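Take a look at the structure below.
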Amino acid sequence: MNPYNYLYVSGLLFTIGAVGVVLRRNAIVVFMCVELMLNAANLSLVTFSRVNGTLDGQVVAFFTMVVAACEVVVGLAIIVTIYRSRRSASVDDASLLKR
Amino acid sequence: MLTIQTPETVMFWILAPLCVLAALGMLLVKKAVHSALLLAWVMITLAIFYIAQDALFLGIVQIVVYTGAVMMLFLFILMLVGVDASDSLTETIPGLRAIAITAALGFGGLLVSLIGRATLGHDAYGLTAANAEGNVQALAHLLFSTYVWPFEVVSALLITAALGAMVLAHHQRAVPRPTQREQAIARFRGESLGSAAGLPNPGVFARHNAVDVPALLPDGSAAPNSISATLKARGDMLDSSQFELSEVDNTVTEEK
């Protein structure tokens, strides 16, 4: 086995996450799919760090984790705020600007 | 030069399919809670991948931050929001599913074929030299020398995110909270006196003392307003007729 196999897993996870963002309607599930995409990117960063023999990839993956944590905090707060005003967590229902 | 031992190969070929299957399941299951549990599993396998790839610190952080903090936050918000119609998998935009799956197949195929054809120009090095004094120590050296400026920026981002979440979660009442006296007056001055004495409790008249069984009214029908609206919307309501008495005991006569 060579370390590039991890990259295939990473690519598949990223694609699955992207499909989830498009297909699912529950805002929380959409958010979890975004997290999946971030994690897939982290996996390829760690793999490239190993292949190149330097730790810079791991440092960038660490920063990605911090940014993802920030994103989860703010995003979930937005979802809760929308839920409070519109009583729904569906992304289809937040269409006030359309009408 | 990097050599990969047999245990890692075995681990990879067991965990990688499970990981991808769980991610696919995340898309296909109906309930958001099941998606969250599958995502937690994907994150645990990723943590194992990190540890196997000499990224011990990141593996531990992955478990602590993602499966610990982030997934708990997701489950907490899921409990707060509850279950509603947004869980349904029907497509609202016609043709969206076909387009999305075609695009995903194209994108995934492109990624896989690119990774398959690309070469790095050198052999994989491995992290034995970089991790010579320990993974955490080496990471700390990098973090506090080369990457000290991004590190500070990221800390500012964390503080901003915490402040933003507090501002968003802060809830100011538009109208003052009604007092108990005002609520009582509203009940009696309302359209009907039906709920003046409070709504019926669930279960107690149906021989089954549980919150998911509606109370039986004197005429034998179920009292719908004895059940919480959340349980009703979720479909977690039992039929109270199964707890009815088959024959009513009339032998006890009322004492005059």
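Order-wise, the sequence lines are chains A and B.
Final position of the first sequence in the numbering used here is 1169; the numbers increase by one with none missing.
Final position of the second sequence in the numbering used here is 475; the numbers increase by one with none missing.
Every residue gets a Cβ at the ideal spot worked out from N, C-alpha and C, and that includes glycine.
Because the structure is a prediction, the values reported are computed rather than measured.
Contacts that residue i makes with chain A (C-beta to C-beta distance below 7 Å)
i	result
residue 393 of chain B	What residue 393 of chain B touches in chain A: nothing, since even the nearest Cβ is about 11 Å away.
residue 316 of chain B	1093
residue 327 of chain B	1081, 1082, 1085
residue 415 of chain B	Here the premise fails: no neighbours, minimum Cβ distance about 27 Å.
residue 293 of chain B	1098, 1102
residue 299 of chain B	1150
Minimum Cβ-Cβ distance from residue i to chain B less than 7 Å
i	result
residue 1107 of chain A	no
residue 1152 of chain A	no
residue 1164 of chain A	no
residue 1124 of chain A	yes
residue 1121 of chain A	yes
residue 1104 of chain A	no
residue 1077 of chain A	yes
residue 1067 of chain A	No statement about residue 1067 of chain A is possible, as the shown extent of chain A runs from 1071 to 1169 and does not include it.
Cut-off 7 Å between Cβ atoms - residues of its own chain near residue i, not counting five sequence neighbours on either side
i	result
residue 271 of chain B	227, 230
residue 264 of chain B	234, 237, 238
residue 1159 of chain A	1096, 1097, 1098, 1149, 1153
residue 347 of chain B	none
residue 1119 of chain A	1125, 1126, 1127, 1128
Below-7 Å beta-carbon distance, residue i vs any chain A residue
i	result
residue 278 of chain B	no
residue 272 of chain B	yes
residue 311 of chain B	yes
residue 404 of chain B	no
residue 254 of chain B	yes
residue 412 of chain B	no
residue 457 of chain B	no
residue 282 of chain B	no
residue 296 of chain B	yes
residue 237 of chain B	no
residue 323 of chain B	yes
residue 242 of chain B	yes
residue 251 of chain B	yes
residue 248 of chain B	no
residue 223 of chain B	yes
residue 476 of chain B	Lying before the first or after the last residue shown, residue 476 of chain B is absent from chain B, which here runs from 220 to 475.
residue 289 of chain B	yes
residue 376 of chain B	yes
residue 373 of chain B	yes
The ligand MG heavy atom lying under 6 Å from the CB of residue i
i	result
residue 1090 of chain A	The ligand content of the structure shown is nil, which means the ligand MG is not present either.
Other residues of its chain near residue i: CB distance less than 6 Å, five sequence neighbours each side excluded
i	result
residue 1115 of chain A	1127, 1130, 1131
residue 242 of chain B	261
residue 266 of chain B	278, 281, 282
residue 288 of chain B	none
residue 285 of chain B	262
residue 409 of chain B	none
residue 377 of chain B	none
Contact list for residue i against chain B, beta-carbon separation under 8 Å
i	result
residue 1069 of chain A	It is not possible to answer for residue 1069 of chain A, since the shown part of chain A is limited to 1071 through 1169.
residue 1147 of chain A	383, 384, 387, 388
Beta-carbon proximity of residue i to residue j, cut-off 7 Å
i	j	result
residue 432 of chain B	residue 417 of chain B	no
residue 1163 of chain A	residue 1156 of chain A	yes
residue 1139 of chain A	residue 1108 of chain A	no
residue 234 of chain B	residue 245 of chain B	no
residue 1100 of chain A	residue 380 of chain B	no
residue 255 of chain B	residue 295 of chain B	no
residue 1125 of chain A	residue 322 of chain B	no
residue 326 of chain B	residue 1085 of chain A	yes
residue 355 of chain B	residue 276 of chain B	yes
residue 1098 of chain A	residue 297 of chain B	yes
residue 1087 of chain A	residue 344 of chain B	no
residue 1089 of chain A	residue 319 of chain B	yes
residue 1104 of chain A	residue 373 of chain B	no
residue 1037 of chain A	residue 1106 of chain A	The requested residue 1037 of chain A is not part of the displayed model; chain A covers only 1071 to 1169.
residue 1147 of chain A	residue 387 of chain B	yes
residue 442 of chain B	residue 436 of chain B	yes
residue 1071 of chain A	residue 223 of chain B	yes
residue 426 of chain B	residue 415 of chain B	no
residue 484 of chain B	residue 301 of chain B	The question about residue 484 of chain B has no answer here: the residues shown for chain B are numbered 220 through 475.
Neighbour list for residue i in chain B, Cβ cutoff strictly below 7 Å
i	result
residue 1113 of chain A	265, 268
Partners in chain A for residue i, counting only beta-carbon separations shorter than 8 Å
i	result
residue 228 of chain B	1071
residue 357 of chain B	1125
residue 348 of chain B	1123
residue 334 of chain B	1074, 1077, 1078, 1081
residue 361 of chain B	1125, 1126, 1129
Interface residues of chain A facing residue i [CB-CB closer than 9 Å]
i	result
residue 320 of chain B	1089, 1093
residue 343 of chain B	1072, 1073, 1074, 1120, 1121, 1122, 1123
residue 367 of chain B	In chain order: nothing, as chain A lies at least about 11 Å away.
residue 231 of chain B	1071, 1075, 1076, 1079
residue 436 of chain B	Near residue 436 of chain B there are no residues of chain A at all, since even the closest Cβ is about 29 Å away, more than 9 Å.
residue 418 of chain B	Neighbours of residue 418 of chain B on chain A: none; closest Cβ ~21 Å, over 9 Å.
Own chain partners of residue i with C-beta closer than 8 Å, once the 5 adjacent residues on each side are dropped
i	result
residue 420 of chain B	434, 445
residue 248 of chain B	254, 257
Worksheet item: Residue ranges of each alpha helix (DSSP H) run of no fewer than 4 residues wholly in the segment 262-338 of chain B, ordered along the chain?
Response: 275-280, 290-300, 315-336
Discussion item. Just to confirm the assignment: which complete beta strand (DSSP E) runs, minimum length 3, are found wholly within the segment 348-435 of chain B?
Written reply: none
Worksheet item: Which runs of the alpha helix (DSSP H), 4 residues or longer, sit entirely within the segment 1078-1127 of chain A?
Response: 1097-1122
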